[in-house]
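Enquirer: After the structure tokens below, expect a handful of questions from me.
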Amino acid sequence: MAASPADFPPGVQESIDRVREDVARLHAELVRYNLIVWTGGNVSGRVPGADLFVIKPSGVSYDDLSPENMILCDLDGNAIPGTPGSERSPSSDTAAHAYVYRHMPEVGGVVHTHSTYGVAWAARGEEIPCVITAMADEFGGPIPVGPFAIIGDDSIGRGIVETLRGHRSRGVIMQNHGPFTIG
Numbered sequence: 067m068a069a070s071p072a073d074f075p076p077g078v079q080e081s082i083d084r085v086r087e088d089v090a091r092l093h094a095e096l097v098r099y100n101l102i103v104w105t106g107g108n109v110s111g112r113v114p115g116a117d118l119f120v121i122k123p124s125g126v127s128y129d130d131l132s133p134e135n136m137i138l139c140d141l142d143g144n145a146i147p148g149t150p151g152s153e154r155s156p157s158s159d160t161a162a163h164a165y166v167y168r169h170m171p172e173v174g175g176v177v178h179t180h181s182t183y184g185v186a187w188a189a190r191g192e193e194i195p196c197v198i199t200a201m202a203d204e205f206g207g208p209i210p211v212g213p214f215a216i217i218g219d220d221s222i223g224r225g226i227v228e229t230l231r232g233h234r235s236r237g238v239i240m241q242n243h244g245p246f247t248i249g
């Protein structure tokens, strides 16, 4: 874990700033498209050139999110002390995001929503069948269902990785939780 921003290699701070802006902007998109309820759901982005990612703080209203209060974490999900936002707790799904980044190095971002229909389908515990061509184009087939997992540790991340490894889909419905996508 980087002890402080002074430990970052050259150019990494610019990458962090860019990812903070992207992650804050993408949270606004979740609101715009009615994909979240209250403070649920989260977006994270990997910082190119470093073993770091940016994620939203826990329990903060989407109206109050900004690049400055996004939280910079190491790949174990620990907030980096002395960085903007580090005084807050990161999202309750941070361990899941960190697990995905550690085990799928090709992943640059993770999005989790609590969209009404996605959560309703998650309660069914069934994959979403591929019934339209647009879905086949986007996901390559059905969207798989991942196992039920407890929130707060890396169980969700393990389920995401195990379900999506070797699958064409970049999205998964985690049983009794909701949709997660990687990109």
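Numbering (the numbering used here), first residue to last: 67 to 249. Ideal Cβ placement from N, Cα and C applies to all residues, glycine included.
1. Return the first residue and the last residue of the alpha helix (DSSP H) that residue 230 is part of.
2. Does the distance from the CB of residue 82 to the CB of residue 126 come in under 7 Å?
3. Let me check understanding here. Comparing Cα to Cα, which of 109, 131, 173, 190 lies closest to residue 160?
4. Alpha helix (DSSP H) containing residue 92: first to last residue?
5. So, for residue 143: in the same chain, excluding its five sequence neighbours on each side, which residues have a beta-carbon less than 6 Å away from its beta-carbon?
6. Could you tell me which of 100, 176, 98 sits nearest to residue 121, measuring between CA atoms?
7. Between the Cα of residue 76 and the Cα atoms of 115, 168, 158, which residue gives the shortest distance?
8. Going by alpha carbons, who is nearest to residue 241 out of 231, 232, 235, 226?
9. Quick one: using the 10 Å Cβ neighbour count with 16 as the cut-off for buried, is residue 199 buried or exposed?
10. Enumerate in chain order the residues of its own chain whose CB-to-CB distance from residue 151 is below 8 Å, with the five nearest sequence positions on each side excluded.
11. What does a CB cutoff of less than 6 Å around residue 230 pick up in its chain, not counting 5 residues either side in sequence?
12. With 16 as the cutoff for other CB atoms within 10 Å, does residue 73 come out buried or exposed?
13. Can you confirm whether the region 177-190 touches the region 200-207 when touching is taken to mean that 3 or more C-beta pairs between the two stretches lie within less than 8 Å?
14. Quick one: measure Cβ to Cβ for residue 248 and residue 166, integer angstroms, because I've assumed they're closer than 8 Å.
Expert: According to the structure shown:
1. That run of the alpha helix (DSSP H) goes 221-230.
2. no
3. When only C-alpha atoms are compared, the closest one is 109.
4. 78-98
5. 160, 161, 164
6. 176
7. 115
8. 226
9. exposed
10. 123, 134, 135, 136, 137, 138, 145
11. Excluding sequence neighbours, residue 230 sits near 238.
12. exposed
13. The region 200-207 and the region 177-190 do not touch, with fewer than 3 CB-CB distances between them shorter than 8 Å.
14. 6 Å
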